[in-house]
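Numbering (mature numbering (1 follows the signal peptide of the UniProt record, and there is no 0)), first residue to last: -25 to -1, 1 to 124.
Every residue, glycine too, gets a C-beta built ideally from N, C-alpha and C.
Fair warning: this is a prediction, and the values are worked out from it, not measured in the lab.
Inspection log for the structure reproduced underneath, given as structure tokens.
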Amino acid sequence: MNTIQMFRQLALVAAVSMSAGTAWAELPEATMYKDPNCGCCSKWAEHMRAAGFSVKEVPSQAMGRIKSQLGVPEALGSCHTARIGNYVIEGHVPAADVKRLLAEQPAGARGLSAPGMPMGSPGMEGGTPDRYDVVQFNADGGETVFARH
């Protein structure tokens, strides 16, 4: 391999590394509101951090009010609520689904929810895993299955 070929390969590796680092750094910060007594919420935050998100945990005794203000449909409620970019993430939604939402930016989407507290979802590991849906909820009140787990 001559010097020019080696330089080109090094330049390519550097460019790919820098673009991957930039994409990682561009993930928006998550602000997660949680009941101060809930342990699974912090486990979900750890899952999100491991996926590259910065997560600010905000304990609150007013979770119902926060969910209402952020437009979370009552039927899709879970134990914690996060604001990530322009979206609301309700409950134990996997980081991969959040990244997909951020990448695709579906028209009208307000956020995603993993309703209830499904066993086997991020932060709810242990026991027999449940099959569960991640639901996209929209500003117009519509809902659709975003992912199945």
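The residues M7, K9, S17 and A20, in chain order, have a CB closer than 7 angstroms to that of E32 in the same chain once the five nearest residues on each side in sequence are set aside.
Cβ neighbours of D115 within its own chain (closer than 8 angstroms, five residues either side excluded): G83. Contact between the segment 77 to 96 and the segment 24 to 42 is absent: fewer than three C-beta pairs spanning the two stretches fall below 8 angstroms. Here R123 is not near D105, since their CB atoms are 7 angstroms or more apart. Contiguous alpha helix (DSSP H) elements confined to the segment 55 to 88 occur at 70 to 79, taking only those with 4 or more residues. Here R24 carries a helix assignment [DSSP, helix/strand/coil]. Uninterrupted alpha helix (DSSP H) stretches at least 4 residues long and entirely within the segment 8 to 52 occur at 15 to 25 and 38 to 45, given in chain order. Partner residues in the beta bridge of F112, as assigned by DSSP, are G86 and E118.
Look at R106 here: in three-state DSSP terms it is coil, with no helix or strand label. For the pair P11 and G95, the Cα-to-Cα distance works out to about 22 angstroms. The beta carbon of N113 lies closer than 7 angstroms to those of G83, A84 and R85 in the same chain, with the five residues before and after it left out.
For the pair G60 and S88, the CB atoms are not nearer than the 7 angstroms cut-off.
Sequence-distant Cβ neighbours of R58 in its own chain, meaning closer than 6 angstroms and more than five residues away, are T6.
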